[in-house]
Every structure is written in structure tokens, then in C-alpha cells.
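Undergrad:
Right, dumping it as C-alpha cells:
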């Protein structure tokens, strides 16, 4: 009973991330648009590994594929791999200082982008070119802010719920 | 599924079960991609999933729509009066033009009847709106609020008041994805209004630039030439403006001109669009080519070009009007001389005018003008070009 209550920060942030993924922005800003969904996914896999897992990553990826009109499974595969790596190393990454976490996130986002570029290459689709990589960098720069606001959100949920439990 | 592992020590999470799940999901994702790439197997699943996610898109699109409607309701009375006056004047002018159009249309129909060829003027139109949602950020794609449920179909041409915009590439039941003519994967058969020179306009990825890469240096084309759809390929009905030639460059040593054109429609400012259904579609159901996925069409076009004899019956089997129309449209190709010939043979990447081209599945021979049986008809009817084109 208490558990679904506690999930609201994750639900909220995933919804927001999906909305941000598809909200129309000028082409000029497209270059610096961070990959919100992947970043939120990494955050939750890092912080709530026992609640947010591979299946969430997969579902989120399918949603993104549909919304972006990409190959079905492309984002899903990339996100499953990224989530797995995050889960695998979440204990190590969590105790890093912020700048090292940011570095790790950069690596994860790069893997995400690389996988997608590879898939698009194999499928013979048009790839995003340099745009994808500038977005990875944008994601890295944006990470500390995202982490700050998400921590705040998460603590709202974590400090209140023990009473209910 | 995540709930089951709550009781365990956090560090023990990624034990065997996580690894197994990881592999399973990986395989599932790969299977999905393979199936989706084959294009036919997952179409329905995709449509359902997309329809499921439609509310999300509407929600994201809402703020923009609301702010626009607020803006509209806040415009002052004098502005509205001005606009009303202007629109009335415009309507008057357009009506006057339409009067002439009707006369011309009937004259055209009469003359064509004399020539024993039927060509329907006037297409069925469906109005659609563009959702304020970013589709694939790496492509020139838009999302429109009409889908298969409203009668939109894959391959349907999209125009607005200024010119051609693109075509529908994926049906989402209640909405559909459309590729703009400027997408790097898109090619559209065009002709010059001035001398009916035919070529293919290829997208560049930039919203304000088309490229015409298949015209030889000897081609008669100058800055300012108007491009309209030629109707070859069968997807875009003939006669709609596509763009204006902006620059023509001769590069020494290259057999082809480098030509840039500007799309007629302001692709970055469109809100409302029109989906056109050509009249032939209502009659010829054997032209299922026009509705099938791009890859499929590519294959058919390929067989058609490789073996004109075998493919010809497909066209012949169609209803007579379509057949006659086909030969008539294509027959004048040889007359246009080397230009058209080079266009047809040298345009492999432009072939499908749609995604199929990107897969590189079409061998160069199979590309004779954009995925249709019409070229096949042209090939078989090559003996009779002269009398039809006069």
C-alpha cells in the first residue's frame, strides 16, 4: 500500500522527461537539448535501484521510440543497456563526488548515443550526425542541476513515507 | 517486477535474475527492431501503441494551442475588422479566379475527352492540423492530427496554400507522421513550369532548401524557375507548386549542375495542412502500390523496371482510364531527351521518394522514377511517344 505512494517522484519525473523530449523547441536550441529521458532513467537506476529497473528502462525506451517515430526498440535497447550498467555500478557511482558522477553519466549517455547511432547505421537509417553528440555534452552539463532538483524531489518522498509504513 | 527485489540487500540486486532479465530484454528489443525494420509485421502494434500515447502528445501540444487561442481571443476589434475586410477581399479575388478555373476545368476535360485520355482535375481534400510536438529531432518530420481512422493513408500527399509540404510516412490511427519534402530521405518528382523539364528534387535536411542533383550541365534551367509536381511516381498529384530555383551553379568537371531550390511552402511556419486524395485512388484499387509501405513499393518498382514485359500486365489490368492516363503521362519522357533519360537512370538514391531509398535496397536499375508501375508502362509504350506529346 505504501509503496505506490512513494513512487510519485519517479512517475512525475518520467512524465516530465517525456514531455520535455517531445516539446517543440527552436532548431537552434535543439543542439543543446539534453537527453532528458535517459538522464532521469540513469538517476533513478542510481538512486532507487530496487524499484526502478531494467523493465522501466525498456518501457521508457519503447515510449520514446513511438513518440519520436524511430525504429521500435532502438531507444529501448540503448536504455536497457544503460540501465543495466547503472545498476551494475550504482554502489560505486553513488559514492563518487559530484564531478565524478557527472563523468560517469557522460559515459553512460555516450554509450546510449553510440548504441543508437550504431543501430541506425545497421538499419540504414539517417542518423542525427553531430547533433546527438552535442546533446550528450549538454546532458553532462545539465546533470548537476537535474541531480539537485531530483534529490530534492526524492527526499520529499523518502522522509514522509516511514510514518505510513 | 522491481517490487520483488525490495526485500533483498541493495548490493545483491544484480545477481543472476538481473542478468537474465537484461539478456531477455536485450533480445526482445533486438527482435522488435528486426520486425519493425521488416516494416510489415509490427505496423498494427505500432499503431496501437501510438494511439495509446496520443493523449501525451495532445497534452504537450496543449499549451501552444491554448496560448494561440488566447492570442486569438485577445485580438482587438479593429484588428479583426481589418482581417475580416482583407479576407473578404481575398475571397472575392479567389472566387473570381475559381470561376475561370471551372471553365478551364471543363474545357480541359472536354479536350482530354477528345484526345481519348482521362485525367481528373480536382482532388479530394482533408484538412489537418499540425500538432505542436517535436517528432524525431534529427529528421524533418511533423505530426498531424489525422490518421488512418480519418481516412489518411501512408504515402498521401500533404500540401498547404503555398505548395507541397510532404507525405505521410506512418499511420498512427488518430494521428500520423509525415515526412517533409526537405528531409534527407525524401525525393519528389518535379518539372519546370517553363519548359516541362523533369527532374527530382531531393531534400537536404534544411527546412528552406531543396536540391536538384540530377540535371546535366546542358539543362535549360535558370534562377527563379518554378517547380511543380510532375505527377510521375503517382504519389503527388501533378501541378502543385514545390518550390523556386534559387541558384544554379556549374562546377567545372562535374557532369551535373548544382541546383538549390526554395520550397514554396514555408515549412517552418505551417499550422494547417491539406491531405490530398487523388481521384484515381478511388477507382483503381489495384494501385495498392500507392498505399503500401515504401519498401514494398521499391521491390515492385524494381521488378517492374527489370522486366517491363512482366510488369506491364499489372498496369494493363487496371481500370482502363488509369491505364490510358499512365501511358499518356509517361510517354513524353523520351522526347524531353537526354535530360529526362539521365534523370531516370542516374537517380538511384532519389528513387523511392520515401524511406525505402535509405535502405539501399534498390539496385540502380530499379529506380526508374519513383516506385510506381508507370515507368513500366512507359517502357512498354515507348514506341508511341511522338503522337501523344504533340
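Protein chains in written order, with my numbering: chain Z, 74 to 238; chain R, 448 to 837. All C-beta atoms in this analysis are idealised placements derived from N, C-alpha and C, irrespective of residue type, glycine included.
Could you tell me the alpha carbon to alpha carbon distance between residue 498 of chain R and residue 622 of chain R, rounded to whole angstroms?
TA: Indexing the second chain from 1 puts residue 498 of chain R at position 51. Indexing the second chain from 1 puts residue 622 of chain R at position 175. If you take the alpha carbons of residue 498 of chain R and residue 622 of chain R, they lie about 8 Å apart.
Undergrad: Determine the DSSP secondary structure at residue 217 of chain Z, reduced to helix, strand or coil.
TA: Residue mapping note: residue 217 of chain Z aligns to position 144 of the first chain, counting from 1. Helix at residue 217 of chain Z.
Undergrad: On a Cα-Cα basis, can you pick out the residue from R/558, R/676, R/553 that is closest to residue 614 of chain R?
TA: The count along the second chain starts at 1 and reaches residue 614 of chain R at position 167. It is R/676.
Undergrad: Just the chain Z side, please: which residues come within less than 8 Å of residue 584 of chain R by C-beta, in chain order?
TA: What you label residue 584 of chain R is simply residue 137 of the second chain in a count that begins at 1. Within chain Z, the residues near residue 584 of chain R are 103, 106, 141, 201, 204.
Undergrad: Return the chain-ordered ranges of every beta strand (DSSP E) run that is complete within the segment 502-587 of chain R and spans a minimum of 3 residues.
TA: Those beta strand (DSSP E) runs which fall completely within the segment 502-587 of chain R and span 3+ residues are 571-576.
Undergrad: Quick one: which residues of the segment 692-724 of chain R get their C-beta closer than 9 Å to a C-beta of chain Z? List them in chain order.
TA: The residues in question are 715.
Undergrad: Just grab the DSSP bridge partners of residue 122 of chain Z for me.
TA: For this step, residue 122 of chain Z is matched to residue 49 along the first chain. Paired residue(s): none; residue 122 of chain Z is not in a bridge.
Undergrad: Runs of 4 residues minimum, wholly inside the segment 610-690 of chain R: which ones carry the alpha helix (DSSP H) assignment?
TA: The segment 610-690 of chain R contains no whole alpha helix (DSSP H) run of 4 or more residues.
Undergrad: Which chain Z residues are close to residue 607 of chain R, counting only those with a beta carbon under 9 Å from its beta carbon?
TA: Along the second chain, one-based indexing puts residue 607 of chain R at 160. None at all; the shortest Cβ gap to chain Z is about 18 Å.
Undergrad: With distances taken between CB atoms, is the gap from residue 149 of chain Z to residue 126 of chain Z smaller than 9 Å?
TA: Looking up residue 149 of chain Z in the first chain gives position 76. Looking up residue 126 of chain Z in the first chain gives position 53. Cβ distance not < 9 Å, so residue 149 of chain Z and residue 126 of chain Z don't count as in contact.
Undergrad: Please report the Cβ distance between residue 689 of chain R and residue 711 of chain R, rounded to the nearest whole angstrom; I am assuming they are in contact, meaning their Cβ atoms lie under 8 Å.
TA: On the second chain, residue 689 of chain R is found 242 positions in, with the first residue counted as 1. On the second chain, residue 711 of chain R is found 264 positions in, with the first residue counted as 1. That belief holds up - the Cβ atoms of residue 689 of chain R and residue 711 of chain R are roughly 6 Å apart, short of 8 Å.
Undergrad: Does residue 119 of chain Z come within less than 9 Å of chain R when only Cβ atoms are used?
TA: Mapped onto the first chain, residue 119 of chain Z falls at position 46. Chain R, which has no Cβ nearer than 9 Å to the Cβ of residue 119 of chain Z, makes this no.
Undergrad: Select from the segment 461-480 of chain R all residues with a C-beta closer than 7 Å to any C-beta belonging to chain A, and list them in chain order.
TA: In summary, chain A is missing from the structure at hand, where the protein chains are Z and R.
Undergrad: Could you tell me if residue 488 of chain R is buried or exposed, where buried requires 16 or more neighbouring beta carbons within 10 angstroms of its beta carbon?
TA: For the purposes of this step, residue 488 of chain R is identified with residue 41 of the second chain, where counting begins at 1. Result: exposed.
Undergrad: Check whether the Cβ atoms of residue 673 of chain R and residue 639 of chain R lie closer than 9 Å to each other.
TA: Residue mapping note: residue 673 of chain R aligns to position 226 of the second chain, counting from 1. Residue mapping note: residue 639 of chain R aligns to position 192 of the second chain, counting from 1. Their beta carbons are under 9 Å apart, which means residue 673 of chain R touches residue 639 of chain R by this criterion.
Undergrad: Give me the residue from R/713, R/670, R/576 with the minimum Cα distance to residue 655 of chain R.
TA: Sequence index remark: in the second chain, residue 655 of chain R carries index 208 (1-based). Taking only the C-alpha atoms, the option nearest residue 655 of chain R is R/713.
Undergrad: Indicate whether at least one CB of chain R lies closer than 9 Å to the CB of residue 131 of chain Z.
TA: Within the first chain, numbered from 1, the residue matching residue 131 of chain Z stands at position 58. Judged by the 9 Å Cβ criterion, residue 131 of chain Z is in contact with chain R.
Undergrad: Can you check which of these residues, R/552, R/590, R/506, is closest to residue 620 of chain R by C-alpha distance?
TA: Walking along the second chain from the start, residue 620 of chain R turns up at place 173. Nearest option by C-alpha distance: R/590.
Undergrad: Could you give the distance in angstroms between the alpha-carbon of residue 630 of chain R and the alpha-carbon of residue 196 of chain Z?
TA: The sequence position of residue 630 of chain R within the second chain is 183, counting from 1. The sequence position of residue 196 of chain Z within the first chain is 123, counting from 1. Near 18 Å, if we compare the C-alpha coordinates of residue 196 of chain Z and residue 630 of chain R.
Undergrad: Could you give the distance in angstroms between the alpha-carbon of residue 231 of chain Z and the alpha-carbon of residue 111 of chain Z?
TA: Residue mapping note: residue 231 of chain Z aligns to position 158 of the first chain, counting from 1. Residue mapping note: residue 111 of chain Z aligns to position 38 of the first chain, counting from 1. Cα to Cα, residue 231 of chain Z sits roughly 23 Å from residue 111 of chain Z.
Undergrad: State the CB to CB distance for the pair residue 86 of chain Z and residue 226 of chain Z, rounded to an integer number of angstroms; the pair is presumed to be in contact (CB under 8 Å).
TA: Stepping through the first chain from its first residue, residue 86 of chain Z is reached at position 13. Stepping through the first chain from its first residue, residue 226 of chain Z is reached at position 153. With 8 Å as the limit, residue 86 of chain Z and residue 226 of chain Z qualify as a contact, their Cβ atoms being about 7 Å apart.
Undergrad: Can you give me the Cβ contacts of residue 687 of chain R inside the same chain, cut-off strictly under 7 Å, excluding the 5 residues immediately before and after it?
TA: For the purposes of this step, residue 687 of chain R is taken as the residue at position 240 of the second chain. Hits under 7 Å: 606, 610, 611, 675, 676.
Undergrad: Does any residue of chain Z bring its CB to less than 9 Å from the CB of residue 797 of chain R?
TA: The count along the second chain starts at 1 and reaches residue 797 of chain R at position 350. The pLDDT assigned to residue 797 of chain R is 38, lower than 50, so where the model puts this residue is not dependable; a value taken from the coordinates is nonetheless given after this. Answer no: the Cβ-Cβ gap between residue 797 of chain R and chain Z never drops below 9 Å.
Undergrad: Based on the DSSP output, what are the partners of residue 589 of chain R in its beta bridges?
TA: Sequence index remark: in the second chain, residue 589 of chain R carries index 142 (1-based). In the DSSP output, where bridge partners are listed per residue, residue 589 of chain R has R/625.
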